[in-house]
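If you count by the UniProt record's numbering, then the sequence shown holds residues 1 to 772, one letter each, in order.
Just below is one structure, and these are the notes that go with it.
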Amino acid sequence: MDNIGLGTAASLIDLVFSWSIQDALNPILYKGQIKKIPTTFTSTAHYYSSLVAPLVEETHADLLSAMSRLSRAPSYQLHSIESETNYRAPTDFSYKIVLRKPGNSNQTDVVTYKPQAGDLAALTDVKPTCISDLNRPKMPYILAYVQSVDDGKLSVRSSKPIMIEQDMQRNKHIDLFFVYLINLTTNVRIWNALHPNPILADLPIINKVIQTNDEKECAVCLSENDSVMIPSIKSYNLNDSQEAAITSCIKTWRCNHQNGHVKLIWGPPGTGKTKTVGLLLLLLLRMKCRTITCAPTLIAVMELASRVMRLVSGTLDYETYGLGDIVLFGSSERMGMDDHENLLHVFLDYRVEMLNKCFSPSTGWNASLSSMIDLLEYPRGQYGRYVTHRVLGINQDEMDDPLSLEGFIKKRFFQYNEQLKFCVVNLYTHLPTARISLQVVTDMMVALDLLRSIETLLNRYDYGDERLSTATKTCLPVLESLARSFRVPEYIHKFMIKNLCLDNAYLLFCTASSSSKLHTERTQELDLLVIDEAAQLKECESTIPFQLPGLRQVVLVGDERQLPAMIRSKISGEAEFGRSMFERLVLLGKKKHLFNVQYRMHPAISSFPNKEFYDGLIMDAPMVKHRSHEKDFLHGNMYGAYSFINIAYGKEQFGHLLSKMNMVEVAVVCSIVGILFKEFNATKHRVSIGVISPYAAQVHAIQEKLKQTYSGCCSSSDSGFSVRVRSVDGFQGGEEDVLIISTVRSNLNGSVGFLSNRQRANVALTRGRYII
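Written as structure tokens, this is what we have:
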């Protein structure tokens with residue numbers, strides 16, 4: 001195939017659509033066209049262009065992999081299809097399609113799959129069982145890209161015109177299937193970042209990361225007193241290396257003499273990285289630094305957001321006032337927000353729903369406050385309108401049994417009071433502090449107290465009682481003052497509330513990919529970018545948040561000696577596509593702030609990885625040297641800091657998703673878990689167990705065996721006994737009391753697959769806490 005000019009396509013989707021089915025199935029389509037990504041660059045144009053070709057190769061590899069799993073791919077039959085109004089042949093084939101609801105099916109993935117924007121699907125006239133079903137005489141190979149999903153209707157763009165559209169519109173029965181392949185959202189966002197608007201292409205922050213010279217601290221700011229510049233952090237029990245990292249980051253942000261700094265914070269296993277970064281973000285929030293915090297995955301984003309929420313908890317006025325300055329956004333379903341109630345108060349979608357109720361013209365703050373004032377000041381006037389409406393039948397809601405004046409006043413008071421209480425709590429929780437001052441919140445709380453007094457009196461005394469009259473006269477001026485000093489906007493559209501929240505937030509959390517939304521949904525510039533787990537983020541993906549306007553400083557937090565980003569293509573791997581910006585800057589000799597004290601592992605566990613992976617730079621905290629870090633979970637000479645158990649009769653075989661497994665090792669792992677469970681039942685000493693394997697099939701087999709033996713007790717720590725079984729990659733950042741590693745493979749060549757990678761071995765060996 002001729003060189004197709006990878007960077008000339010108008011969009012990544014155009015390029016994907018240009019591939020024939022032979023191209024899509026060709027594993028070496030771009031072999032020889034992908035150059036190794038350099039460590040230094042001559043210009044921003046050189047920087048961006050160096051990352052484009054490997055991105056295309058990785059996208060191609062993702063599609064090829066999806067096609068190899070075609071028989072298991074989620075598929076729906078089309079219910080209807082029609083051309084969109086923006087259909088523009090011969091280049092833009094846009095359709096609106098509706099999928100049939102799945103009937104009874106044994107394929108759980110079909111039932112649970114929900115189409116979303118960014119999905120790439122194949123359209124076929126049969127339910128596919130093999131790749132040849134994607135390219136049939138009556139239905140040549142055709143792809144569809146989902147641009148949006150609205151109430152079950154998919155707006156799609158197809159690679160070719162769908163010729164059976166007219167037959168379907170005439171209700172002629174034709175089978176047409178939508179077969180999910182991959183989601184391209186992140187890849188499209190990266191492509192767009194690598195083809196930026198010329199205004200964004202040469203930003204100071206981008207220029208910093210393509211330079212080879214290290215940055216020097218500002219001499220003026222270095223000489224300033226830390227206690228003047230930075231709020232006290234002594235009460236948080238940080239060690240010297242953690243304090244130094246926080247101090248350096250804040251000093252650089254507050255410096256007005258230099259811009260565009262990129263700082264690296266190096267956090268080896270167990271050194272308190274998440275705790276320290278959480279505290280840094282808390283301090284930045286208090287200093288009103290407009291900060292966006294990103295990570296490669298939603299799990300990492302939510303972990304850091306949870307840490308900040310725990311630090312913030314108990315320090316706010318009126319429990320939740322100030323949380324409006326913090327925003328977490330992303331897909332509710334993928335984040336599993338139903339299981340993370342601690343984050344709901346800062347989750348953008350939930351916040352928009354709550355504020356939408358508070359902004360309602362009929363039942364929101366403005367209307368409820370006005371109605372309450374009117375009721376307390378002119379009760380007979382409201383009652384007269386009520387009677388008139390009943391007589392004329394104007395309002396069907398008021399056609400219940402007629403109320404007396406006293407009954408009407410009580411009913412209306414309780415109604416308005418409940419609405420006001422709902423609004424007050426949600427306004428001071430969800431509005432940014434820039435839009436609701438502490439004085440207004442204080443006045444609101446005074447008003448609620450006075451209304452509570454009136455409510456008590458209404459329940460005890462008849463209307464007209466002097467005590468009620470006095471309470472009403474005391475309350476009215478406070479309510480009237482609030483009505484003059486604070487009104488909420490009566491927005492018609494929810495996107496306006498979303499923009500209000502994003503524009504005024506001081507601390508935002510999202511994935512690096514999702515940060516692209518801020519280019520269109522936030523108008524206020526940001527000051528500082530923090531990327532957690534930065535060594536796990538492909539450099540090309542880092543360019544998305546790096547292009548946010550206004551950034552004066554970036555803090556990259558990670559450890560290049562732990563796991564890198566996952567990549568699928570061997571060709572793009574050889575081109576260093578999986579390398580992070582963090583690692584490249586380290587290779588260039590950029591200074592790192594090292595966290596040099598570890599708080600997780602007993603010294604007998606930490607000793608080997610410290611010497612092997614960190615050149616002995618990490619010290620053990622006093623707490624891990626204490627006898628409390630020596631547990632008697634397992635008895636016998638076999639067990640200690642490290643126990644190597646030879647499984648002589650194990651046999652490798654292929655299992656789940658054509659991955660390797662070893663059933664003898666599965667039995668041994670379950671046996672060790674069984675011994676630990678027996679010890680737990682005898683002593684009731686809490687124990688958490690992590691089981692790591694490099695192979696998905698082995699993870700699956702161990703999980704299934706443990707489910708059969710222990711029912712649900714292993715999945716939760718509530719009982720005091722828990723077991724987590726994951727891949728090595730799934731355990732990065734995790735820790736457990738006891739670690740069991742099932743290598744699956746063992747041979748004279750010393751080849752154990754994924755664990756031959758030093759970074760994976762480092763992660764696997766540094767998850768456990770105690771000598772057992």
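Yeah, the Cβ is synthetic: ideal placement off N, Cα and C, and Gly gets one too.
Sequence-distant residues of the same chain with beta carbon closer than 7 Å to residue i, five excluded per side
| i | result |
| --- | --- |
| Gly-32 | none |
| Phe-17 | Leu-143, Ser-159 |
| Asn-366 | Arg-487, Val-488, Glu-490 |
| Ile-544 | Arg-189, Ile-190, Ala-193, Ala-512, Ser-513, Ser-515, Ser-516 |
| Gln-759 | Arg-561, Gln-562, Leu-563, Pro-564 |
| Ala-10 | none |
| Cys-713 | With a pLDDT of 49 at Cys-713, under the threshold of 50, the modelled position of this residue cannot be trusted; read the value that follows with caution. Ser-719, Phe-721, listed in sequence order. |
Cβ shell of residue i (< 6 Å), same chain only, five flanking positions each side left out
| i | result |
| --- | --- |
| Ser-715 | Legend: pLDDT at Ser-715 = 49, less than 50; position of this residue unreliable, value from coordinates given subsequently. Answer for Ser-715: no residue qualifies. |
| Thr-766 | Pro-269, Pro-609 |
| Gly-464 | none |
| Thr-252 | His-261, Gln-553 |
| Asp-109 | Its pLDDT being 41, under 50, Asp-109 is placed unreliably in this model, and the value from its coordinates should be taken loosely. Within the same chain, Asp-109 has close Cβ partners Pro-74. |
| Tyr-416 | Ser-368, Ser-371, Met-372 |
| Ser-20 | none |
8 Å Cβ cutoff met for residue i and residue j
| i | j | result |
| --- | --- | --- |
| Glu-525 | Pro-564 | no |
| Ile-702 | Val-728 | no |
| Phe-177 | Lys-138 | no |
| Ala-295 | Thr-511 | yes |
| Val-669 | Ser-241 | no |
| Leu-537 | Ser-569 | no |
| Glu-735 | Arg-600 | yes |
| Leu-676 | Val-738 | yes |
| Leu-285 | Thr-293 | no |
| Val-56 | Tyr-30 | yes |
| Ala-575 | Ile-37 | yes |
| Leu-311 | Gly-278 | yes |
| Ile-199 | Gly-260 | no |
| Val-557 | Asp-532 | yes |
| Met-372 | Leu-420 | yes |
| Arg-157 | Phe-93 | yes |
| Gly-152 | Val-209 | no |
| Ala-534 | Phe-582 | yes |
| Lys-411 | Leu-458 | no |
Beta bridge counterpart(s) of residue i as assigned by DSSP
| i | result |
| --- | --- |
| Cys-294 | Cys-510, Ile-531 |
| Gln-147 | None, per the DSSP bridge assignment. |
| Leu-154 | Ile-97, Val-149 |
| Arg-724 | Gly-690 |
| Val-738 | Ile-689 |
| Val-179 | Ser-75, Ala-122 |
| Asp-92 | Arg-88 |
| Arg-136 | Met-139 |
| Lys-630 | It is Glu, not Lys, that sits at residue 630 in the sequence shown. DSSP lists Ile-771 as partners of Glu-630. |
| Gln-653 | Met-661 |
| Lys-538 | Ser-580 |
| Ile-326 | Leu-507 |
| Lys-620 | The sequence given here has Asp at residue 620, not Lys. DSSP lists Gln-598 as partners of Asp-620. |
| Asp-317 | Tyr-321 |
| Phe-495 | Answer by DSSP bridge pairing: none, since Phe-495 is not bridged. |
| Phe-347 | Leu-328 |
For residue j and residue i, believed in contact at Cβ under 8 Å, the rounded distance
| i | j | result |
| --- | --- | --- |
| Val-763 | Phe-731 | 6 Å |
| Ser-725 | Glu-652 | Before going on, a small fix: residue 725 reads as Val here, not Ser. Contact flag wrong, Cβ pair sits at about 19 Å. |
| Leu-348 | Val-308 | With 8 Å as the limit, Leu-348 and Val-308 do not qualify as a contact, their Cβ atoms being about 15 Å apart. |
| Leu-502 | Val-327 | 6 Å |
| Ala-244 | His-700 | With a Cβ gap of about 44 Å, Ala-244 and His-700 do not count as contacting. |
Same chain, Cβ closer than 8 Å to residue i, five either side skipped, listed in chain order
| i | result |
| --- | --- |
| Phe-422 | Lys-357, Cys-358 |
| Glu-478 | Correcting the residue type first, residue 478 is Val in the shown sequence and not Glu. Hits under 8 Å: Asp-443, Val-446, Ala-447, Leu-450. |
| Thr-320 | His-345, Val-425, Tyr-428, Thr-429 |
| Met-638 | Ile-645 |
| Ile-618 | Pro-268, Thr-271, Asn-596, Val-597, Gln-598, Ser-606, Asn-610 |
| Ser-71 | Pro-128, Thr-129, Cys-130 |
| Asn-499 | Glu-521, Arg-522, Thr-523 |
| Glu-480 | Ile-373 |
- Query: Whole alpha helix (DSSP H) runs in the stretch 19-85 with 4 or more residues, listed along the chain?
  - Reply: 21-24, 44-68
- In chain order, each alpha helix (DSSP H) run of at least 4 residues that lies wholly inside the stretch 255-308: 273-286
- Task: Could I get the ranges of all uninterrupted alpha helix (DSSP H) runs contained in the stretch 549-618, with 4 residues as the minimum, in chain order?
- Result: 570-574, 581-587, 603-614
- Query: Unbroken alpha helix (DSSP H) runs of length 4 or more, entirely within the stretch 373-431: which are they?
  - Reply: 379-392, 405-430
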